[in-house]
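Under my numbering, think of the first position of the sequence shown as 5, with each following residue one higher. Glycine included, C-beta positions come from ideal geometry on N, C-alpha and C.
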Amino acid sequence: MENKILEIKENATREIEAVHCLKELDEIKNKYLSRSSELNNLKKGLKDIEPAMRPRIGSLTNEVYKEIEALIKDKNEKFYFEELNKKLISEKIDPTLDGTYMKKGKVHPLTATVNEIVEIFEHLGFSLIENQYSPEVEVEKYNFDLLNTPKEHPARDVQDTYYALNAKHVVLRSQTSGAQVHTMENQKPPIKIIAPGRVYRNESVSARKNNLFHQIEGLCVDKNIRFTDLKGTLNEFIRLYFGSSRPTRFRNSFFPFTEPSAEVDVQCIMCKGKGCATCSGTGWLEILGCGMVDPNVLEGVGIDSSVYSGFAFGMGVERLTMLKYAIDDIRLFFNNDERFLKQF
Ligand code: DAH
């Protein structure tokens, strides 16, 4: 009996020693330690042997069982660490290697200007109107008629405005001023809004002109709105956008939808007012058009012009960005050249 047990121990030791992988080790574990293993059968048979022998045989069986168990456990750990080591070596990282650099995205300078201007006007109590009222593909009625623009006005010429070829009276809007009309049709006074957006003009592209550009329209309609309100609002805008040191002036002008109309100039940033090529020698650069909303425009949308008055203004986003950062070619905004874009 004792020999049998020692033989089991010897066999198990040899087999565990020779094992190659966890799967084989599992099989051995099953063979020597499971309920139906030889050792367990011997334990079950203890009751049939001579009582005097039982304690010796019993404790020997237990001892061998524990020894085999310990050998399997050691082998198991050995396999575990070998596997782990292999994994660590294969996944080793080299901290001296260069990382993969992700290029940082940036807001386009025109978007940044629109955001900045919108923020300034929101600070002055204006609400932002996005394209919800005012589409880029527009009908002449909103781009011209309701803006008091005569049928024979030169801006309506195909040389200036893009007309749809297969739909009568449909244009790509040439100005954001149509947003004024749309807003007044949708809201009752008091109205105080700004509306940024894309506009299109049939221009030949040059350093100063692109056939797509951006404008920001402003409109304020209420009782007792006067030209001084317009002046105060725009002066504050200019102070906040350009800084307090930039001289400005209001100059008489004409737009069909405002009466009186004005244009606002700021001192040329290139020559500081001395006169240069950028400002055609005048020392001033025009930045926006504005005026008191023409009573015809108010009446056209059903607002009683004897009760209400308003002011409006429109500015070019490219122009304002070029003036602030001394950019001399409008096409730079549209070429997507990273060397230009990453400077902002
Ligand atoms: N729509 C004009 C343009 O594109 C700019 C303008 C002038 C807008 C006077 C206005 C305004 O709202 O009152 O040249």
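Helix, strand or coil at residue i according to DSSP, with G and I counted as helix
i, result
"G279", "coil"
"T17", "helix"
"E54", "coil"
"G304", "helix"
"T236", "Contrary to the premise, residue 236 reads as Gly rather than Thr in this sequence. Helix at G236."
"F344", "helix"
"F231", "helix"
"F338", "coil"
"I12", "helix"
"I273", "coil"
First and last residue of the uninterrupted alpha helix (DSSP H) at residue i
i, result
"T325", "V321 to Y329"
"Q184", "G182 to N190"
"I32", "L26 to L37"
"N45", "E42 to K48"
Residue i, enclosing beta strand (DSSP E) - first and last residue
i, result
"G295", "W288 to V297"
DSSP beta-bridge partners of residue i
i, result
"V268", "F254 and L292"
"S313", "D226"
"T65", "Paired residue(s): none; T65 is not in a bridge."
"T318", "It is worth fixing the name first, because residue 318 is Gly in this sequence and not Thr. Beta-bridge pairing links G318 to E221 and G293."
"F259", "T262"
Nearest neighbour of residue i, chosen from the options [CA to CA]
i, options, result
"V141", "E95, Y166 and G129", "Y166"
"Y245", "V321, A171, C25 and S181", "V321"
"Q179", "L345, G295, H218 and S38", "H218"
"R202", "P251, F338, N300 and N45", "F338"
"F231", "P158, E14, D78 and G314", "G314"
"L64", "M5, K107, S40 and F148", "M5"
"R343", "L169, H112, E87 and R212", "H112"
"A266", "M296, R177 and N239", "M296"
"S249", "E263, N256 and G277", "G277"
"K79", "D332, Y329, T286 and I20", "I20"
"K8", "F125, L46 and T17", "L46"
"E207", "D161, A168 and G49", "D161"
"V174", "Y146, A56, A183 and K196", "Y146"
"E144", "S181, F130, K77 and G109", "S181"
"K48", "K213, N66 and I32", "N66"
"L114", "E73, T262, M326 and D332", "M326"
"A74", "G236, P193 and L29", "L29"
"Y84", "C25, L132 and G109", "C25"
"G62", "I76, I72 and L43", "L43"
"F125", "R243, E11, P193 and Y69", "R243"
"R18", "N340, I76 and C224", "I76"
"I220", "N15, D164, V118 and Y69", "V118"
"G127", "T237, K346 and P299", "Reading off the sequence, residue 127 comes out as His, not Gly. The shortest Cα separation from H127 among T237, K346 and P299 belongs to T237."
"C272", "R323, F259 and V301", "R323"
"K192", "R39, E303, D333 and L88", "E303"
"V2", "T252, C280 and A281", "Given that the chain is displayed from residue 5 to residue 348, the structure contains no residue 2 and the question cannot be resolved."
"S257", "E71, L292 and N340", "L292"
"N135", "N340, D298, H186 and L345", "H186"
"L289", "R212, G109 and K13", "R212"
"I72", "E87, K13 and S40", "K13"
Residue-chain proximity (residue i, chain C), Cβ-Cβ < 7 Å
i, result
"E31", "Of the protein chains in this structure there is only one, and it is not chain C."
Proximity test, residue i beta-carbon vs ligand 2 heavy atom, cut-off 6 Å
i, result
"C224", "For the structure depicted, ligand 2 is absent and the ligand set comprises only ligand 1."
Could I get the ranges of all uninterrupted beta strand (DSSP E) runs contained in the stretch 73 to 153, with 3 residues as the minimum, in chain order? Fully enclosed beta strand (DSSP E) runs of no fewer than 3 residues occupy 141 to 143 of the stretch 73 to 153, in order along the chain.
Sequence ranges, beta strand (DSSP E) only - wholly within the stretch 156 to 228, length at least 3: With a minimum length of 3 residues, the continuous beta strand (DSSP E) runs that stay inside the stretch 156 to 228 are 174 to 176, 195 to 204 and 216 to 226.
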